[in-house]
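Report on the following structure.
There are 2 protein chains.
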Amino acid sequence: MSASTKLSTSVKALCYLSENDKPKNSSEIAEHIGINASKIRMLLSKLGKSGIVRSDSGMRGGFSLAKDPENIHLQEIYCAIEDRKAFYLNVNNTKSKGNTSSDRINLFFLDLFSEVQIEIENKMTDITLKSILNKIKQ
Amino acid sequence: MSASTKLSTSVKALCYLSENDKPKNSSEIAEHIGINASKIRMLLSKLGKSGIVRSDSGMRGGFSLAKDPENIHLQEIYCAIEDRKAFYLNVNNTKSKGNTSSDRINLFFLDLFSEVQIEIENKMTDITLKSILNKIKQ
DNA sequence: ATAATTGTTATACTAAGTATAACAATTAGA
DNA sequence: TCTAATTGTTATACTTAGTATAACAATTAT
Chain A
1 MSASTKLSTS VKALCYLSEN DKPKNSSEIA EHIGINASKI RMLLSKLGKS
51 GIVRSDSGMR GGFSLAKDPE NIHLQEIYCA IEDRKAFYLN VNNTKSKGNT
101 SSDRINLFFL DLFSEVQIEI ENKMTDITLK SILNKIKQ
Chain B
1 MSASTKLSTS VKALCYLSEN DKPKNSSEIA EHIGINASKI RMLLSKLGKS
51 GIVRSDSGMR GGFSLAKDPE NIHLQEIYCA IEDRKAFYLN VNNTKSKGNT
101 SSDRINLFFL DLFSEVQIEI ENKMTDITLK SILNKIKQ
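Protein chains in written order, with the working numbering: chain A, 1 to 138; chain B, 1 to 138.
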């Protein structure tokens, strides 16, 4: 599952949870989104560790939002489900970490991609689950 | 080869060509960059079709820059070597292209990613091969 | 003719992504 | 205490994308 797909899938699950007071189990969420229940559990388990959702094991268990939608930021969701930086881009890393022209071009691109990275992070920090809910509701 | 690796590899090749008046063949370029000659030919062939490099077949053939470094933009290089849009991100596309909440969330992310896309393109349009050469030379 | 070269296709292999299943651990309720 | 429902995690099988290289027809200078 690509980083961007994980992100959109997580948001779908969180939007669904926001519509319900009672906990929803992974099968219900999975069916609503159209994705496998194991996968949704893997994602929501991570969101649980970051304190975005609450999960209860056992009978009558399930998932529910642990915070208000206006206090859940896209950036926070992303960090919860992904280890590496958002939309990480690579350069062809040469063996030498010296100072050849190839090394310096790699550095140039790493800097450029890192700038892009920061811009994306800033953009995501400004977006809350609440604002997404407002945009998508009709 | 990922989009970002193709881009950095192409720039390495173009920088190398800019240092030389005489055409360089794929073996020389490949050895300088530390990559397979076939691969470099695949990339430079595309850059040739976009008029960024000139390629001559046959004995004493090879590759050379077809334009001044100040007239070669990163965006142009990217478009030459890549069909799809830069750093394309996906959402989990549901079967229905209807108007379910999942569909609307997909649209939200497609819009967001498209904004990011435009910002990256603008950034790349401002960067010329000449400016990269200046930055990396010592 | 010959040798060097590009442009393109093909091959073999590895890594990443996708979809799903399996099951121990946990918990509510009979 | 037993049972059924549930999470959290690991495992499996399969498909797709990425990586590295080779092969060879077409082209061209000598």
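C-beta atoms are modelled at their ideal positions from N, C-alpha and C, and glycine is treated no differently. Quick caveat, the model's predicted, so the values are computed rather than measured.
TODO: May I have a chain-ordered list of the beta strand (DSSP E) segments no shorter than 3 residues that lie completely inside the stretch 52-82 of chain A?
DONE: List check, beta strand (DSSP E) in window: 53-56 and 62-65.
Open item on the list: Which residues does DSSP list as the beta-bridge partners of lysine 24 of chain B?
Closed with: Stepping through the second sequence from its first residue, residue 24 of chain B is reached at position 24. In the DSSP secondary-structure assignment, lysine 24 of chain B is bridged to B:Phe63.
Open item on the list: Nearest by alpha-carbon distance to leucine 7 of chain A: which of A:Phe113, A:Gln75 and A:Ile118 is it?
Closed with: As a position in the first sequence, residue 7 of chain A is number 7, starting the count at 1. Of A:Phe113, A:Gln75 and A:Ile118, the residue nearest in Cα terms is A:Gln75.
- [ ] Determine the burial state of methionine 59 of chain A: buried for a count of at least 16 other Cβ atoms within 10 Å of its Cβ, exposed for fewer.
- [x] Mapped onto the first sequence, residue 59 of chain A falls at position 59. Counting every other CB atom within 10 Å of its CB across the protein chains shown gives methionine 59 of chain A a total below 16, marking it as exposed.
Task: Close beta carbons around alanine 37 of chain B, own chain, < 7 Å, minus the five adjacent residues each side - done: The sequence position of residue 37 of chain B within the second sequence is 37, counting from 1. Ser26, Ser27 and Ala30.
Open item on the list: Cβ closer than 8 Å: which chain A residues qualify as neighbours of isoleucine 105 of chain B?
Closed with: Position 105 of the second sequence, counted from the first residue, corresponds to residue 105 of chain B. The contacting residues are Ser8, Val11, Lys12, Cys15, Ile132 and Ile136.
Open item on the list: For chain A, check one thing: does any of its Cβ atoms lie closer than 7 Å to the Cβ of isoleucine 52 of chain B?
Closed with: Residue numbering aside, residue 52 of chain B sits at position 52 when the second sequence is read from its first letter. Not an interface residue.
- [ ] Find out if the Cβ-Cβ distance for the pair proline 69 of chain A, serine 18 of chain A is shorter than 7 Å.
- [x] Stepping through the first sequence from its first residue, residue 69 of chain A is reached at position 69. Stepping through the first sequence from its first residue, residue 18 of chain A is reached at position 18. For proline 69 of chain A and serine 18 of chain A, yes; Cβs fall inside 7 Å.
- [ ] Mind checking which residues open and close the alpha helix (DSSP H) that includes glycine 48 of chain B?
- [x] Numbered from 1 along the second sequence, position 48 holds the residue referred to as residue 48 of chain B. Where glycine 48 of chain B is concerned, the enclosing alpha helix (DSSP H) stretches over 37-49.
TODO: Would you tell me roughly how many angstroms separate the C-alpha atoms of glutamate 121 of chain A and isoleucine 118 of chain B, rounded to the nearest one?
DONE: Here residue 121 of chain A is taken as the residue at index 121 of the first sequence, counted from 1. Here residue 118 of chain B is taken as the residue at index 118 of the second sequence, counted from 1. Cα to Cα, the separation comes out at about 16 Å.
- [ ] Could you give the DSSP three-state label for threonine 128 of chain A: helix, strand or coil?
- [x] Counting from 1 along the first sequence, the entry for residue 128 of chain A is found at position 128. In the structure shown, threonine 128 of chain A adopts extended strand secondary structure according to DSSP, grouped into three states.
TODO: Let me know the secondary structure DSSP gives serine 137 of chain A once reduced to three states.
DONE: Locating residue 137 of chain A in the first sequence gives position 137, counting from the first residue. Position check: residue 137 of chain A holds lysine in this sequence, whereas serine was assumed. Here lysine 137 of chain A sits in coil by DSSP.
Task: Helix, strand or coil at serine 101 of chain B according to DSSP, with G and I counted as helix - done: In the second sequence, counting from the first residue as 1, residue 101 of chain B sits at position 101. Three-state result, serine 101 of chain B: helix.
Task: Chain-ordered chain B contacts of glutamate 119 of chain A [CB-CB under 7 Å] - done: The residue given as residue 119 of chain A occupies position 119 in the first sequence. Per Cβ cutoff of 7 Å: Glu119.
Open item on the list: Could you compute how far the alpha carbon of arginine 104 of chain B sits from the alpha carbon of glutamate 115 of chain B?
Closed with: Counted from its first residue, the second sequence places residue 104 of chain B at position 104. Counted from its first residue, the second sequence places residue 115 of chain B at position 115. Approximately 17 Å, taken between the alpha carbons.
TODO: Inspect the beta-carbon positions of alanine 13 of chain B and lysine 46 of chain B and report whether they are closer than 7 Å.
DONE: Numbered from its first residue, the second sequence carries residue 13 of chain B at position 13. Numbered from its first residue, the second sequence carries residue 46 of chain B at position 46. Between alanine 13 of chain B and lysine 46 of chain B, the C-beta spacing is not below 7 Å.
Task: From A:Pro23, A:Lys22, A:Phe109 and A:Asp21, residue whose alpha carbon lies closest to that of methionine 124 of chain B - done: Here residue 124 of chain B corresponds to residue number 124 of the second sequence, with the count starting at 1. Among A:Pro23, A:Lys22, A:Phe109 and A:Asp21, the Cα nearest to that of methionine 124 of chain B is on A:Phe109.
TODO: Assign serine 57 of chain A to one of two classes, buried (16 or more other C-beta atoms within 10 Å of its C-beta) or exposed (fewer than that).
DONE: Position 57 of the first sequence, counted from the first residue, corresponds to residue 57 of chain A. Classified as exposed, serine 57 of chain A has fewer than 16 neighbouring CB atoms from the shown chains inside 10 Å of its CB.
Open item on the list: Just to confirm, is the Cβ distance from isoleucine 52 of chain A to isoleucine 72 of chain A under 7 Å?
Closed with: For the purposes of this step, residue 52 of chain A is identified with residue 52 of the first sequence, where counting begins at 1. For the purposes of this step, residue 72 of chain A is identified with residue 72 of the first sequence, where counting begins at 1. In this structure, isoleucine 72 of chain A lies closer than 7 Å to isoleucine 52 of chain A by Cβ.
TODO: Please check if any C-beta of chain A sits within less than 7 Å of the C-beta of serine 102 of chain B.
DONE: The residue labelled residue 102 of chain B in the question sits at position 102 within the second sequence. Residue-level contact by beta carbon holds for serine 102 of chain B and chain A, with a gap shorter than 7 Å.
Task: Interface partners of lysine 123 of chain B on chain A, CB under 9 Å - done: In the second sequence, the residue the question calls residue 123 of chain B occupies position 123. Simply Leu112, Glu115, Val116 and Glu119.
Open item on the list: Check this for me: beta carbons of proline 23 of chain A and glycine 48 of chain A, under 7 Å apart or not?
Closed with: Walking along the first sequence from the start, residue 23 of chain A turns up at place 23. Walking along the first sequence from the start, residue 48 of chain A turns up at place 48. No, the pair does not count as a contact, with Cβ atoms beyond the cut-off.
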